[in-house]
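Here is the structure we will look at.
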Amino acid sequence: MVFEQLPSYYPSKEMKSLSKKKFAENNLTQVEKSLLSVISDLLKDGIRQKTYVSFWKTLIEMEDCAAEEQYAKITKTHQKLKFSQGFYILSIPNLSELTPAIVEWTKITIAPSDQPKKKVIGRVYQVRKNDVVLDIEEHLNLKALYNVRFLTNRLTIQLEREALQYVALHKISSFFFPAILPNHHFEQYEFEWINESVKTNPEQQSAIINIVGKASFPAPYILMGPPGTGKTTTIVEAICQILRQNPYTNILVSASSNYACNVITHRLLKHLPETSIFRMFAGSKEAEFDSIDHELVKISNLRFGSHYYPHLDELTQYNVVLTTLSVAGRFAQAKISCAYFSYVFIDESGSSTEPSTLVPIAGVISSKNNIHGQIILAGDPKQLGPIVISDTAMPHLGVSLLERLIDTGIYARDPNTRKYNPRAITKLIRNFRSHPKILEFPNKKFYSGELLAKGSPDVTHWACNWKYLPNQSIPILFEHVFGESEQDDNSSSWYNKREVKRVIFYIRKIMRERKAFGREIEQKDIGVITPYKKQCQKIMIECKRKNWVDIDVGSVEKFQGQEKPVIILSTVRSLTRGVGFLNNPKRLNVALTRAQALLIVIGNVDTLQMDPMWNEFIGFCKNNKLMKQIEEENEAVKVKGQVGKARRAKKAKTPDKVMQPSKQMKDLPFLPDVPKDTTRQSSESDNFINVRHNLVPHSINLTNMNSVGELRGVPSIERPSSLSRSPMGSSSHGNDSATTFRPSVTRQSNGSGNLKNDMHNVLPLSERNSKEVPMASSTERTTPLFSGNSMESVANRNSDFPTTLRFIRPDGFNPSYGSNISSRYVSNAAYRSQSNPTIHRKLKKESTCVIM
15 MVFEQLPSYY PSKEMKSLSK KKFAENNLTQ VEKSLLSVIS DLLKDGIRQK TYVSFWKTLI
75 EMEDCAAEEQ YAKITKTHQK LKFSQGFYIL SIPNLSELTP AIVEWTKITI APSDQPKKKV
135 IGRVYQVRKN DVVLDIEEHL NLKALYNVRF LTNRLTIQLE REALQYVALH KISSFFFPAI
195 LPNHHFEQYE FEWINESVKT NPEQQSAIIN IVGKASFPAP YILMGPPGTG KTTTIVEAIC
255 QILRQNPYTN ILVSASSNYA CNVITHRLLK HLPETSIFRM FAGSKEAEFD SIDHELVKIS
315 NLRFGSHYYP HLDELTQYNV VLTTLSVAGR FAQAKISCAY FSYVFIDESG SSTEPSTLVP
375 IAGVISSKNN IHGQIILAGD PKQLGPIVIS DTAMPHLGVS LLERLIDTGI YARDPNTRKY
435 NPRAITKLIR NFRSHPKILE FPNKKFYSGE LLAKGSPDVT HWACNWKYLP NQSIPILFEH
495 VFGESEQDDN SSSWYNKREV KRVIFYIRKI MRERKAFGRE IEQKDIGVIT PYKKQCQKIM
555 IECKRKNWVD IDVGSVEKFQ GQEKPVIILS TVRSLTRGVG FLNNPKRLNV ALTRAQALLI
615 VIGNVDTLQM DPMWNEFIGF CKNNKLMKQI EEENEAVKVK GQVGKARRAK KAKTPDKVMQ
675 PSKQMKDLPF LPDVPKDTTR QSSESDNFIN VRHNLVPHSI NLTNMNSVGE LRGVPSIERP
735 SSLSRSPMGS SSHGNDSATT FRPSVTRQSN GSGNLKNDMH NVLPLSERNS KEVPMASSTE
795 RTTPLFSGNS MESVANRNSD FPTTLRFIRP DGFNPSYGSN ISSRYVSNAA YRSQSNPTIH
855 RKLKKESTCV IM
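This note's numbering applies: residue 15 is where the sequence shown begins, and numbers increase by one.
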């Protein structure tokens, strides 16, 4: 194809200035005031046929300015470049979190830091984890420092502006405001249905009959496809039926994403010969050649190993051409005949801006005062809409053409019957994807309760009766997790470690117990949805560690249009004032409608219920008894508890058995021999938690000892009066007064009166409000203390007296829960409180344990 050069369509200086000033009225020039007045009038009046072109031109300029401002924020200054295999490499930490995202084919300008006006143009050839590969023709000095600026994708903006030029030139704006259906006869064919599911689906049949017969022509035909209702199946069946009726028809299929185009292409290949299908990729996809399905490559403009645009004569060999919206604009550039394509299918039209939707129409199938092909807008206005950067343009640019047309003019419901006119619009209502209960909430909330659950039980019911479900008859689990949403210093993205653990917990359970479901569960059957990139990264890292490489982890946007047997949703936000991205009802709808058989939602109920829509969903879960409170932090806690209980029972029967230090402890050069010691009985009280793993010597700062071997600043230990110590070390019962004592130490002097000291972490207790927790009694023993190469020993303690355990944090936090210590060494492992995981988390961070 030979393309005409597109104008740049740069925004005016006044528009750039207004955008930087957030369209405020202060400190404006006269020209800026005039422009602001025009913008205000356009936004106030909204979309009208009379001002259609000027309205969208203005909003595109506003969006262009906002995008340029965002890209300016990720400009990299004073950067060193590397060179490898003909490309320059720029290192960018946390690359995946940048907003806006840097993608292949993004244009850049690069200039020496000391000569900023000496700019060179290049492009991003490849995006990797922490660097980008740059394609720059000029030779650069690798010893110099450079400023690298990323530029907005001007081609998309240029094609949208060019489409508006054709709308104005051909005077076709009226076609996007259809008020009445044309009173013409349309052909009705007899169909032999190809897809078995269509044979029993009256809504799909009605849509196909009206699409093939061009019932709404020249007005667009709308195909509303709620989740799992067979929208793609309907599109594919309609295309096949068109070609059955007329094998010489030319059809253009376009969508906002390559993913949607690829899905339709794969489906068509099951019914049509390869020679009739052409998949046209953008030039940027050449860098991804190795990752594209070979089945698609061999019928595409990448089939010869490099990208090319076919000549118009080559296109005549194919009946169906599939491409993204922006690439479809190339046909207008190439001056294709306006009568070449008889049908234009635009899938995912609910997630495209109205100017983007015009690109495969204006200049492609339009001429003076005329549209030559049947337009089919397929999508769901209740799912995610267009992505818009400009806050000022968002109220209009964020509404797709599909959403704007719904419920207006010829597409509105009949006020008496509440039904749509099938000649203009069809709403698919039979859901073949999800279990009825998974579908229930979004159906009532977003689709007026019109959707009918028609999925096969083999697909939708196999997860019922899973033992982890709170309600065995409903395959939904909402686990309330009291986690903490965090951000790294160099990142604006949120993550929640506790939710990551719970996601991994459930994946492990599903993978281990897959046979219990009565079917094989593969990794590719599981999808994890989370709204934040950082949380995606954390979960993917954990999955990779466990070799779960085929589990899909991504954002709600990534999963739109997809489905999985199992969906796990990690909401991330906890203990924050709002729910962030989750406050968009459309995002919630998409997230909840991806699952076929099992939906697991993990989040903080207290935080989520601040949002009205989430509050309703939580209410739905509570009413159906789908809520689950986290019972243990991970499997290991439960297993260790059972093992510990068994060991304690065994030791109780054999009191002479001595618990020896671990192999790692024996290897330590300063560890003394362990004298025999009878393990004491553990208390049955829930207030005690036994610590028997990874024991290490407790560090005590010996500089706090006085000359008689007592710890300075350590308050006296008070024994209960019933077990007070007598001068001879024997028990004295019945004494009402508590006896006070300090642990004495036999110390070794280094000659200077000071002890050698390598120990740390014991804080003075005199100013602390420590709580004392009585310990179970132990046998008489000696506790070794270490000071460099010197060893100090605490005087023998009588086993008849409970010992006091104190937890002290530097900030004074002093939780009141204790532990049975069954060795002469104190574990620095986390002391758990099963009744209060919040305190445990705080303690775990920076606690110090002191045994008196």
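A virtual CB, placed ideally from N, CA and C, is assigned to each residue, including glycine.
C-alpha of Asn-603 to C-alpha of Gly-364: approximately 14 angstroms in a straight line.
If the five residues before and after Ala-342 are omitted, its C-beta is found closer than 7 angstroms to the C-beta atoms of Leu-266, Ser-268, Val-373, Pro-374, Val-378, all from its own chain and listed in chain order. DSSP places Phe-97 within a strand segment (E or B) once states are collapsed to three. Rounded to the nearest angstrom, the gap between the Cα atoms of Arg-526 and Ile-644 is 20 angstroms.
Non-local beta-carbon contacts of Pro-192 in its own chain, meaning distances under 7 angstroms to residues more than five positions away in sequence, involve Ala-233, Gly-423, Ile-424 in chain order.
The DSSP-derived three-state label of Ala-530 is helix. In this structure, Leu-104 is the residue among Arg-512, Asn-315, Leu-104, Ser-588 with its C-alpha nearest to the C-alpha of Arg-137.
Across the structure, Ala-221 and Val-181 are spaced so that their CA atoms are roughly 28 angstroms apart.
When secondary structure is reduced to three states using DSSP, Arg-601 falls in the helix class.
Distance from the Cα of Asp-539 is smallest, within the candidate group Arg-344, Pro-579, Gly-297, for Pro-579. Counting only residues of its own chain and dropping the five nearest sequence neighbours on each side, Pro-130 has a CB closer than 8 angstroms to the CB of Asn-161.
Counted as a single uninterrupted DSSP element, the stretch harbouring Glu-118 is not any beta strand (DSSP E), since DSSP gives it neither H nor E. Ranking Ile-439, Ile-208, Glu-417, Leu-329 by CA distance to the CA of Ile-194 puts Ile-439 first. If the five residues before and after Arg-447 are omitted, its C-beta is found closer than 7 angstroms to the C-beta atoms of Pro-241, Gly-242, Gly-469, Glu-577, Gln-610, all from its own chain and listed in chain order. Assignment of beta-bridge partners to Leu-237 by DSSP yields Ala-392, Thr-440. Rounded to the nearest whole angstrom, the C-alpha separation of Glu-500 and Leu-316 is 43 angstroms.
In the three-state scheme derived from DSSP, where H, G and I count as helix and E and B as strand, Val-335 is classed as strand.
When DSSP reads this structure, Val-212 sits in no beta bridge, so it has no partner. If you draw a 10 Å sphere on the C-beta of Asp-394, you find 16 or more other C-beta atoms in it, and that means buried. Under DSSP, the beta-bridge partners assigned to Asn-161 are Ala-125. If the five residues before and after Lys-548 are omitted, its C-beta is found closer than 8 angstroms to the C-beta atoms of Glu-111, Gln-501, Asp-502, Ser-505, Ser-507, Trp-508, Tyr-509, all from its own chain and listed in chain order. By the Cβ criterion, the region 246 to 259 is not in contact with the region 406 to 419, since fewer than three pairs of Cβ atoms, one from each stretch, lie closer than 8 angstroms.
Going by beta carbons, Leu-20 and Gln-259 fall outside the 8 angstroms limit. Approximately 42 angstroms separates the beta-carbon atoms of Gln-63 and Ala-301; this is outside 8 angstroms, ruling out the contact.
Contact between Thr-337 and Cys-275 is confirmed by a C-beta separation of about 6 angstroms, below the 8 angstroms threshold. Separation of Trp-207 and Arg-444 (C-alpha to C-alpha, rounded to the nearest whole angstrom) is 18 angstroms.
DSSP, read as helix, strand or coil, puts Ser-31 in helix. In the three-state DSSP reduction, His-92 falls in the strand class (E or B). Annotation for Gly-568: the continuous beta strand (DSSP E) segment containing it runs 566 to 568. Cβ-Cβ distances below 7 angstroms link Leu-640 to Pro-484, Asn-485, Ile-488, Ile-490, Leu-491, Phe-492 in the same chain, with the five nearest sequence neighbours on each side left out; the list follows chain order. Within 10 angstroms of the beta-carbon of Phe-17 lie fewer than 16 other beta-carbons, which makes it exposed. A Cβ-Cβ contact shorter than 8 angstroms links Ile-553 with Val-514.
Burial state of His-449 is buried, judged by a 10 Å Cβ sphere holding 16 or more other Cβ atoms. Rounded to whole angstroms, Ala-81 and Thr-166 show a C-alpha spacing of 7 angstroms. Counting along the chain, the unbroken beta strand (DSSP E) around Gly-541 starts and ends at 540 to 543.
Pairing Gln-93 with Pro-25, the inter-Cα distance amounts to about 29 angstroms.
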